[in-house]
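Student: Take a look at this one; I'll ask things after.
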Amino acid sequence: MCIRDRVSTQSTGHTRRQQQMSSNQPDKVKEVQAQVDEVKGIMVDNVDKMLNNMERADDLEQKTSDLNSASQTFKSRATTLKRRMWWQNFKLWLAIGGITLILLIIIIAVSLPKGD
380 MCIRDRVSTQ
390 STGHTRRQQQ
400 MSSNQPDKVK
410 EVQAQVDEVK
420 GIMVDNVDKM
430 LNNMERADDL
440 EQKTSDLNSA
450 SQTFKSRATT
460 LKRRMWWQNF
470 KLWLAIGGIT
480 LILLIIIIAV
490 SLPKGD
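In terms of my numbering, the sequence shown opens at residue 380 and continues consecutively.
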């Protein structure tokens, strides 16, 4: 075989490999592009989910703040009501004690012998 034949054979082989590679390249590019599009879609979904979660977290934070404020108001009113009820109960027992004392004095005064 002469040098010309070798070069021709090598260039033909080389050209065939390039053709095979170039025919595989569009498939590879399409495959990589499909993967990129898939990852891009997943990332868009993840960003949407993250934004929804942040919105829910903000709503939850606002509700928590509202509940905290309401609980402080409730505690304050409950304490005021407890004191008012304690005083009302104290006044009732004081009145019962006073009436009992008056009745006891009357009973003792009536039961004592009269000094005619």
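Think of the CB as a built atom: it goes at the ideal place given N, C-alpha and C, for glycine as much as any other residue.
If you're wondering where the values come from, they're calculated on a predicted model, not measured in any experiment.
Could you give the DSSP three-state label for LEU460: helix, strand or coil?
Tutor: The residue labelled residue 460 in the question sits at position 81 within the sequence shown. Helix.
Student: Mind listing, in chain order, the continuous beta strand (DSSP E) runs of no fewer than 3 residues lying wholly within the region 398–443?
Tutor: Qualifying beta strand (DSSP E) stretches: none in this window.
Student: For LEU473, which of helix, strand or coil comes out of DSSP?
Tutor: Start at 1 with the first residue of the sequence shown, and residue 473 comes out as number 94. It is helical.
Student: If you draw a straight line from the alpha carbon of LEU460 to that of THR452, how long is it in whole angstroms?
Tutor: Taking the sequence shown and counting its residues from 1, one reaches residue 460 at position 81. Taking the sequence shown and counting its residues from 1, one reaches residue 452 at position 73. Going by the C-alpha atoms only, they are around 12 Å apart.
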